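K.L.:
Here's a structure for you.
Protein chains: 2
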Amino acid sequence: MRNPQRPVTLDHVDRRLLRALAGDAGVTNKALAGRLGLAESTCAYRIRALREAGVVTGARAQLDLALLGYPLQAMIKVRLGSHTMANVSQLYDALAATPGVLQAFHVAGADDFYLHVAVENAEALRDFVLRHVTSHRVVRQTETHLVFEVRPGAGVLGD
Amino acid sequence: MRNPQRPVTLDHVDRRLLRALAGDAGVTNKALAGRLGLAESTCAYRIRALREAGVVTGARAQLDLALLGYPLQAMIKVRLGSHTMANVSQLYDALAATPGVLQAFHVAGADDFYLHVAVENAEALRDFVLRHVTSHRVVRQTETHLVFEVRPGAGVLGD
DNA sequence: TGTGAAATATAACGCTA
DNA sequence: TAGCGTTATATTTCACA
Numbered sequence: 321m322r323n324p325q326r327p328v329t330l331d332h333v334d335r336r337l338l339r340a341l342a343g344d345a346g347v348t349n350k351a352l353a354g355r356l357g358l359a360e361s362t363c364a365y366r367i368r369a370l371r372e373a374g375v376v377t378g379a380r381a382q383l384d385l386a387l388l389g390y391p392l393q394a395m396i397k398v399r400l401g402s403h404t405m406a407n408v409s410q411l412y413d414a415l416a417a418t419p420g421v422l423q424a425f426h427v428a429g430a431d432d433f434y435l436h437v438a439v440e441n442a443e444a445l446r447d448f449v450l451r452h453v454t455s456h457r458v459v460r461q462t463e464t465h466l467v468f469e470v471r472p473g474a475g476v477l478g479d
Numbered sequence: 321m322r323n324p325q326r327p328v329t330l331d332h333v334d335r336r337l338l339r340a341l342a343g344d345a346g347v348t349n350k351a352l353a354g355r356l357g358l359a360e361s362t363c364a365y366r367i368r369a370l371r372e373a374g375v376v377t378g379a380r381a382q383l384d385l386a387l388l389g390y391p392l393q394a395m396i397k398v399r400l401g402s403h404t405m406a407n408v409s410q411l412y413d414a415l416a417a418t419p420g421v422l423q424a425f426h427v428a429g430a431d432d433f434y435l436h437v438a439v440e441n442a443e444a445l446r447d448f449v450l451r452h453v454t455s456h457r458v459v460r461q462t463e464t465h466l467v468f469e470v471r472p473g474a475g476v477l478g479d
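Protein sequence lines, in the order shown, are assigned to chains A and B.
Going by this note's numbering, the first sequence opens with residue 321, and the numbers climb by one from there.
Going by this note's numbering, the second sequence opens with residue 321, and the numbers climb by one from there.
This is the structure in structure tokens:
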């Protein structure tokens, strides 16, 4: 690991490696090396270096949420009535830890949090909001928007 | 692969496997089997079955965006002036493919898209909005909110 | 960059409950 | 049907030249 504040300098090969790994972390070193025209040993070395530098922080499996029985997604905007540090961070912890929450964004503006959630159906969504969001005293208002679709973006390195 | 519409039935072991893989896709089969108390052959078999069932769709490396030089994140709400199918899907394609976009949400409500983006600094954020969002004719209005922090949620399986 | 040894993954098999 | 243990083969990883 390195100083997490100072940006790392990457060359073109690093960028291509990161792009490839961001798209498919399961790719084998052999395949990657072949695709980029590197020796396998070199490719493995650079990937390890990127990991040790902290640029690659881990890998997560992507799940088909609909197949798992959670075909409905929503974005829930949460607005607080009180913004003491303790209130905000405690609620943030609680919301992020609630099953069904895919991501919790703490944002600036009129709303405080955006919760991206996946649920079984409309009824489960209503229950989620009532039981796990508005049930917190500090929550003053919520606004729930159905998510038609989520797409992975090009990312900071482009595609 | 299976019929992508019909939910799969998972037992408790499958759930634990998916939770583990969602948190760290890089874990070795040996370690996973040991942790869950399975034979390595059984563990490998079940993981492959989950993959073939389409439950696990892939794996993505997580990058430290600040270390890469993109320490600033924002959520940009995008509202269109015309909602023909062609307009919407074409803009969606263009926005998702724009470098800097981490995720693009197509949502119901007054706003049409939420763009989660990462940029170098405030100036880059302004340029992003002007050059890649409001430059599209069909975009009527945008609203940009700084993202203080993003947390991975517990996910549909809990943590 | 290349090499080689150790660790690991993969896939197939038969056996069992 | 699912789990287990065992094979053999392929692949990855890592230290070193």
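C-beta atoms are modelled at their ideal positions from N, C-alpha and C, and glycine is treated no differently.
Bear in mind that the values here come from a model prediction, so they are computed numbers and not experimental data.
1) Using the beta-carbon of each residue, which ones in chain A are nearer than 7 Å to Ala-428 (chain B)?
2) Measuring straight from C-alpha to C-alpha, what distance separates Val-449 (chain B) and Glu-360 (chain B)?
3) What does the alpha-carbon distance come out to for the pair His-403 (chain B) and Asp-384 (chain A)?
4) Need the endpoints of the beta strand (DSSP E) that Thr-377 (chain A) sits in, please.
5) Quick one: using the 10 Å Cβ neighbour count with 16 as the cut-off for buried, is Gln-461 (chain B) buried or exposed?
6) When you compare only the Cα positions, how much space is there between Glu-443 (chain A) and Arg-451 (chain A)?
7) In whole angstroms, what is the alpha-carbon distance linking Leu-408 (chain A) and Val-375 (chain B)?
8) Excluding the 5 residues preceding and the 5 following Thr-454 (chain A) in the sequence, name in chain order all residues of the same chain whose CB lies nearer than 7 Å to its CB.
9) Which same chain residues, not among the five before or five after Phe-425 (chain B), have their C-beta less than 7 Å away from its C-beta?
10) Run through DSSP, which three-state label would Leu-452 (chain B) get?
11) What's the gap between the Cα of Ala-474 (chain B) and the Cα of Leu-370 (chain B)?
12) Just verifying my parser: in three-state terms, what is the DSSP assignment at Arg-336 (chain B)?
13) Given a cut-off of 8 Å, decide if Gly-378 (chain B) and Gly-346 (chain A) are closer than it, judged by their beta-carbon atoms.
14) Go to Thr-362 (chain A), then tell me how far its alpha helix (DSSP H) extends in each direction, as first and last residue.
15) Which partner residues of Tyr-412 (chain A) appear in the DSSP bridge assignment?
16) Nearest to Ala-381 (chain B) by CA position, among A:Ala-342, A:Val-459, A:Leu-387 and A:Pro-472, is which residue?
17) Check each candidate in B:Ala-340, B:Ala-430 and B:Thr-418 and name the one with the smallest Cα separation from Leu-445 (chain B).
18) Helix, strand or coil for Glu-440 (chain B)? Go by DSSP, reduced to three states.
19) If you draw a straight line from the C-alpha of Met-321 (chain A) to the C-alpha of Val-439 (chain B), how long is it?
20) Buried or exposed: which applies to Lys-350 (chain A), given that a residue is buried once 16 or more other Cβ atoms fall within 10 Å of its Cβ?
21) Is Arg-460 (chain A) helix, strand or coil when you go by DSSP?
22) Could you confirm whether any beta carbon from chain B is found closer than 8 Å to the beta carbon of Leu-338 (chain A)?
23) I'd like the list of long-range same chain contacts for Gly-389 (chain A), defined as Cβ closer than 8 Å, with 5 residues on each side in sequence excluded.
24) Roughly how many angstroms separate the alpha carbons of Arg-399 (chain B) and Pro-327 (chain B), rounded to a whole number?
25) Name the residues in the region 384 to 403 of chain B whose C-beta lies less than 9 Å from a C-beta of chain A; which are they?
26) Taking Cβ-Cβ distances shorter than 7 Å, what residues in chain A pair up with Phe-425 (chain B)?
27) In angstroms with no decimal places, state the Cα-to-Cα distance between Ile-396 (chain A) and Glu-469 (chain B).
28) Is the shortest distance between the beta-carbon of Arg-355 (chain A) and the beta-carbons of chain B less than 8 Å?
29) Here's the rule: buried if 16 or more other CB atoms are within 10 angstroms of the residue's CB, otherwise exposed. What is Ala-416 (chain B)?
30) In this structure, how does DSSP classify Leu-330 (chain A) when only helix, strand and coil are distinguished?
31) Counting along the chain, where does the alpha helix (DSSP H) carrying Leu-352 (chain A) start and finish?
32) Any heavy atom of the ligand GTP closer than 7 Å to the Cβ of Glu-360 (chain A)?
33) Note the first and the last residue of the continuous beta strand (DSSP E) segment covering Ala-424 (chain A).
P.N.:
In short, the structure shows the following:
1) Near Ala-428 (chain B) (Cβ distances below 7 Å), the residues of chain A are His-465, Leu-466 and Phe-468.
2) Approximately 50 Å, taken between the alpha carbons.
3) In a straight line, the C-alpha of His-403 (chain B) is about 28 Å away from that of Asp-384 (chain A).
4) Boundaries of the beta strand (DSSP E) around Thr-377 (chain A): 376 to 383.
5) So Gln-461 (chain B) counts as exposed.
6) So the alpha carbons of these two residues sit roughly 12 Å apart.
7) For clarity, residue 408 (chain A) is Val in the given sequence; the question names Leu instead. If I take the Cα positions, the gap works out to 35 Å.
8) Closer than 7 Å at Cβ, skipping near neighbours: Thr-462.
9) In the same chain as Phe-425 (chain B), and ignoring 5 residues on each side of it, the C-beta atoms closer than 7 Å to its own belong to Phe-433 and Tyr-434, in chain order.
10) This sequence places His at residue 452 (chain B); Leu is not what is there. Correct three-state label for His-452 (chain B): helix.
11) For Ala-474 (chain B) and Leu-370 (chain B), the gap between their C-alpha atoms comes out near 20 Å.
12) Assigned with DSSP and collapsed to three states, Arg-336 (chain B) falls in helix.
13) With respect to Gly-378 (chain B), Gly-346 (chain A) sits close: the two C-beta atoms are nearer than 8 Å.
14) Element bounds for Thr-362 (chain A): 360 to 372.
15) Its beta-bridge partners do not exist; DSSP assigns none.
16) Just measuring C-alpha positions, the residue of A:Ala-342, A:Val-459, A:Leu-387 and A:Pro-472 sitting nearest Ala-381 (chain B) is A:Ala-342.
17) For Leu-445 (chain B), the nearest C-alpha among the options comes from B:Thr-418.
18) Glu-440 (chain B) falls in the coil class under three-state DSSP.
19) Because the pLDDT of Met-321 (chain A) is 44, which lies under 50, any placement of that residue in the model is unreliable, and the question is left without a value.
20) By the 10 Å Cβ count, Lys-350 (chain A) comes out exposed.
21) It is a strand residue.
22) At least one CB of chain B lies nearer than 8 Å to the CB of Leu-338 (chain A).
23) So the list reads Glu-440, once near-sequence residues are dropped.
24) Straight-line spacing of the CA atoms in Arg-399 (chain B) and Pro-327 (chain B) works out to 34 Å.
25) Here the close residues are Asp-384, Leu-385, Ala-386, Leu-387, Leu-388, Gly-389, Tyr-390, Pro-391, Gln-393, Ala-394 and Met-395.
26) Those within 7 Å of Phe-425 (chain B) in chain A are Met-395, Val-467 and Val-470.
27) Their backbone Cα atoms lie some 16 Å apart in a straight line.
28) Residue-level contact by beta carbon fails for Arg-355 (chain A) and chain B, as no gap is shorter than 8 Å.
29) With 16 or more other Cβ atoms from the protein chains shown falling within 10 Å of its own Cβ, Ala-416 (chain B) counts as buried.
30) Under the three-state reduction of DSSP, Leu-330 (chain A) is assigned to coil, being neither helix nor strand.
31) Boundaries of the alpha helix (DSSP H) harbouring Leu-352 (chain A): 349 to 356, taken from the DSSP string.
32) The ligand content of the structure shown is nil, which means the ligand GTP is not present either.
33) Unbroken beta strand (DSSP E) run through Ala-424 (chain A): 421 to 427.
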